[in-house]
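**Student:** In terms of numbering that gives the first Met the number 0, the sequence shown is numbered consecutively and its last residue is 158.
We put the beta carbon where it would ideally sit given N, CA and C, even for glycine.
Keep in mind it's a predicted model, so treat the numbers as computed, not measured.
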Amino acid sequence: MTFTRQVSRQLDDEHRSSIDLLDRVGHALTSGDAAALDKLATPLLRQLEHEIGHHFGFEEGELFPRMMEAGDGELASLLAEEHGTIRMVADELRPLAEQLAAGSLAAGDRPTLVRLAKELVERQVAHIQKETMALLPLLEDLLDDDTDRELAFTYATGA
Numbered sequence: 000m001t002f003t004r005q006v007s008r009q010l011d012d013e014h015r016s017s018i019d020l021l022d023r024v025g026h027a028l029t030s031g032d033a034a035a036l037d038k039l040a041t042p043l044l045r046q047l048e049h050e051i052g053h054h055f056g057f058e059e060g061e062l063f064p065r066m067m068e069a070g071d072g073e074l075a076s077l078l079a080e081e082h083g084t085i086r087m088v089a090d091e092l093r094p095l096a097e098q099l100a101a102g103s104l105a106a107g108d109r110p111t112l113v114r115l116a117k118e119l120v121e122r123q124v125a126h127i128q129k130e131t132m133a134l135l136p137l138l139e140d141l142l143d144d145d146t147d148r149e150l151a152f153t154y155a156t157g158a
């Protein structure tokens, strides 16, 4: 789908990048390629920080309230609930991924890292698909030109 709103395009671009990384992480996990997973630890950490910090925060602070006002509170609540679940998994995964990136992950902690990374991949991919199919098209109708421009700037600058 081609989006016309700047906010929809920004979020869609990030979703595509996230899916690409999550696919690579998923492949490393299912193939048991420890070296590939090790190389993905740092990009995964960056993605977690951006996706869960900036991206989720923007949606929750700027988009979900607008959705609720427009009568789409059920979708906003569902997406916010998924954000909470993904955050919990990410909070558990982050210190292990940091250790993996630093080369200091204890062998006994690797199964926990693998389990959490698999859960993160599964949850985040499903969440992104839901946002791509429901949230982004909704924004096309919900946002007017001025609001779209303002929100795109806010998102891009992290303000």
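#1: Quick one: grab the DSSP three-state call for residue 16.
#2: Take the Cβ of residue 147 as the centre, count every other Cβ of all protein chains shown within 10 Å, and call the residue buried at 16 or more, exposed below.
#3: Can you tell which of 27, 101, 68 has the C-alpha that lies nearest to the C-alpha of residue 142?
#4: What residue from 35, 5, 7, 54 has the CA that sits closest to residue 100's CA?
#5: Mind the definition here: the segment 42-59 touches the segment 86-103 only if three or more C-beta pairs lie below 8 Å; say whether that holds.
#6: Helix, strand or coil for residue 105? Go by DSSP, reduced to three states.
#7: Can we say the segment 96-111 touches the segment 38-45, given the rule of at least three CB pairs closer than 8 Å?
**Tutor:** By the coordinates alone:
#1: The residue given as residue 16 occupies position 17 in the sequence shown. Of the three classes helix, strand and coil, the one that applies to residue 16 here is helix, per DSSP.
#2: Start at 1 with the first residue of the sequence shown, and residue 147 comes out as number 148. It counts as buried.
#3: Position 143 of the sequence shown, counted from the first residue, corresponds to residue 142. Among 27, 101, 68, the Cα nearest to that of residue 142 belongs to 68.
#4: Locating residue 100 in the sequence shown gives position 101, counting from the first residue. Comparing Cα-Cα distances from residue 100 to each of 35, 5, 7, 54, the minimum goes to 35.
#5: yes
#6: The residue you call residue 105 lines up with position 106 of the sequence shown. It is coil, neither helix nor strand.
#7: yes
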